[in-house]
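Everything in the sequence shown is counted per our numbering, starting at 157 for the first residue and increasing by one. All C-beta atoms in this analysis are idealised placements derived from N, C-alpha and C, irrespective of residue type, glycine included. Right, one structure below, let's go through it.
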Amino acid sequence: MSLPLQVGITGGIGSGKSVVCKLFACLGIPVYNADSRAKWLTNHNPQIIESVVSLLGKESYTSEGHYNTAYVSSLVFSNEHLLKKLNAIIHPVVMQDTADWVENHAGSPYVVKEAAIMNKAGDRNALDYVVVVEAPLELRISRILQRDNRSEDQIRAIVKRQISDDERRMVGNFFVNNDERSALIPQILKLHEIFLMARS
């Protein structure tokens, strides 16, 4: 079975990763959102649920059976050892889920994976290329203020915790400028052509 080319899409909060992914989806390209899929698996995968409860206690899930994000965050936020243990539970399941998803799309010329955190292509991942979505910081902050129920201080704190733009550039093979001045669609169509050519 011939697997499709695997393209990673990453960028800082508010850069517009999701918009870029929607444009690829409009071109008929399958898109895997690692963050939302990890949330779904954390709520529904019996193996994860059992291991998280064993690690962090019954309060890790609400009485309705939903993952108690606020409670878990309060335990792991300042405890790196505990966070590593939690990641060791969730990450392998997400990686297997991703691999299964890629196999299910073997007929596609390429697939797109969206994630906030990403290594270089081939560095502990199965990616062939990484696309970094970029936008000026102040524009990113204004987008998040409109989108999320967060204060500017909270947003800036999240930005500080993420890797820097310079570090992210070192990961990328291609870059998409989403500054609302550069036309986005032509950039995506050009990448689409490149990935189709690379697969043929």
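* Where do the N-terminal and C-terminal ends of the alpha helix (DSSP H) with Q162 fall, by residue? -> Here residue 162 refers to the residue found at position 6 when the sequence shown is read from its first residue. Premise fails: Q162 lies in the beta strand (DSSP E), 161-167, not in any alpha helix (DSSP H).
* Which stretch, first to last residue, makes up the alpha helix (DSSP H) that contains E308? -> Taking the first residue of the sequence shown as 1, we reach residue 308 at position 152. That run of the alpha helix (DSSP H) goes 308-317.
* Provide the residue span of the beta strand (DSSP E) that contains Y285, from first to last. => As a position in the sequence shown, residue 285 is number 129, starting the count at 1. Its beta strand (DSSP E) spans residues 285-290.
* To do: Using a threshold of 7 Å, state whether the C-beta atoms of L179 and I344 are closer than that.
  => In the sequence shown, the residue the question calls residue 179 occupies position 23. In the sequence shown, the residue the question calls residue 344 occupies position 188. Yes.
* To do: Could you give the DSSP three-state label for F331: helix, strand or coil?
  => Along the sequence shown, read from residue 1 onward, the residue named residue 331 stands at position 175. Strand.
* Cβ pair count under 8 Å reaching 3, the stretch 248-264 against the stretch 186-195 -> yes
* Where E323 falls: helix, strand or coil (DSSP) -> Residue 323 sits at position 167 when you count from the first residue of the sequence shown. E323 falls in the helix class under three-state DSSP.
* Can you tell me where the beta strand (DSSP E) with Y188 in it begins and where it stops? -> For the purposes of this step, residue 188 is taken as residue 32 along the sequence shown, with counting starting at 1. DSSP places Y188 inside the beta strand (DSSP E), whose first and last residues are 187-189.
* Check whether the Cβ atoms of P112 and D335 sit closer than 7 Å, and answer yes or no. => Given that the chain is displayed from residue 157 to residue 356, the structure contains no residue 112 and the question cannot be resolved.
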